[in-house]
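S.K.:
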Amino acid sequence: MAKSHPSAKSAPKPASSDGDGNHIHNEILIGLPRNEADLLIPKLEFMRLRTHHVLHEPGDTLKSAYFCNSGLISILSVFQDGKSVEVGLVGKEGFIGTPLVAGFRTAPTRAIAQIEATVFRLNSETLVATLRECPSLERRLQQFAQVMAMQTTQIAACNRLHEVNERLARWLLMSSDRIGSNSVPLTQELLGQMLGTRRSSVTVAAGMLQKAGLIAHTRGDVEIVDRRRLEEASCDCYGIMQSQVEKWRGEAG
Ligand SMILES: [Zn+2]
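Reminder that position 164 of the sequence shown reads as 175 in the numbering used here, one-by-one numbering, no gaps.
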């Protein structure tokens, strides 16, 4: 009688928490094969980030990489006069530090916690060494880098071509998806910064969406009341990005 069952032994079982009992929500980590998860997860350090915590600035050497576990991280393009605009959004589906996967060392953007967030941190050298032993992890990070590039391209076009109320709807939907909640804790001042537009126009746009019964806006908090109609109020960018991600997910199997 066989003492062990090799197929059962090698069957992938998703990791649900790190060694310290911190629950894993990050989708890249959850989907890893067991042998890679066993190699990687003990090397991760769980961290809580306060709102506005900066993970890196443009030009910084990337000392760490981060698997976002909850909350929302904004990727901003920053100019010397201090102006900045959001070019990417990362939640529990994602990772901060994609240049490292391609062998690069410096950050081209600012990564900042938009709201309170939790992450699993990993030293850059450890990441690079681990990638050599973890082909599935490497592939997943490459795929995520492509998703971010696609998102950034779409957001650039969106900021140039679409009206502020459509962009606001698009932004709220993207944020809500990443946080996993219909309540997005944000001020209008921050929204203006994220959308690269004046605060007053964001206030008008939020007022319009509220009057139409799509959102309820209180000080520092936006509640999505009617998601279906908010999707209709958004420009096509939200749907375009969603369907591209779905298509790629299917192609990757
Ligand atoms: Zn758009």
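All C-beta atoms in this analysis are idealised placements derived from N, C-alpha and C, irrespective of residue type, glycine included.
For clarity, every value in this text was computed on a predicted model and none was experimentally measured.
Select from R121, F115, M58 the residue whose C-alpha is nearest the C-alpha of E68.
M.R.: Scanning R121, F115, M58 for the CA closest to the CA of E68 turns up R121.
S.K.: For E97 and I52, what's the separation of their Cα atoms in angstroms?
M.R.: 30 Å
S.K.: Helix, strand or coil for L60, going by three-state DSSP, please let me know.
M.R.: strand
S.K.: For ligand 1, is there any heavy atom lying closer than 8 Å to the beta carbon of A168?
M.R.: Yes - ligand 1 has a heavy atom lying nearer than 8 Å to the Cβ of A168.
S.K.: For a test of the three-state rule: what should DSSP assign to E68, helix, strand or coil?
M.R.: Coil, per DSSP.
S.K.: From V175 to V101, what does the alpha carbon distance come to, in whole angstroms?
M.R.: Here the alpha carbons of V101 and V175 stand approximately 21 Å from one another.
S.K.: When the distance is taken between beta carbons, is L197 closer than 9 Å to N236?
M.R.: The sequence shown places Val at residue 236, rather than the Asn named in the question. Against a cut-off of 9 Å, the Cβ pair of L197 and V236 comes out as no contact.
S.K.: Pull the bridge partners of C79 from the DSSP assignment, please.
M.R.: V130
S.K.: Can you give me the C-alpha to C-alpha distance between A216 and L179, rounded to a whole angstrom?
M.R.: Cα to Cα, A216 sits roughly 7 Å from L179.
S.K.: Between which residues of its own chain and M185 is the CB-CB distance below 6 Å, once the five residues before and five after are set aside?
M.R.: L100
S.K.: Does at least one heavy atom of ligand 1 sit under 8 Å from the Cβ of L172?
M.R.: yes
S.K.: Ordered along the chain, which non-local residues of its own chain (more than five positions away) have a Cβ less than 6 Å from that of G108?
M.R.: L73, A76
S.K.: Round the Cβ separation of F90 and L40 to the nearest angstrom and send it over; I've been treating them as touching at under 8 Å.
M.R.: Rounded, the Cβ-Cβ distance is 34 Å, inconsistent with contact.
S.K.: Does the beta-carbon of K258 have 16 or more other beta-carbons within 10 angstroms, so that it is buried, or is it exposed?
M.R.: By the neighbour-count rule (16 or more Cβ atoms within 10 Å), K258 is not buried but exposed.
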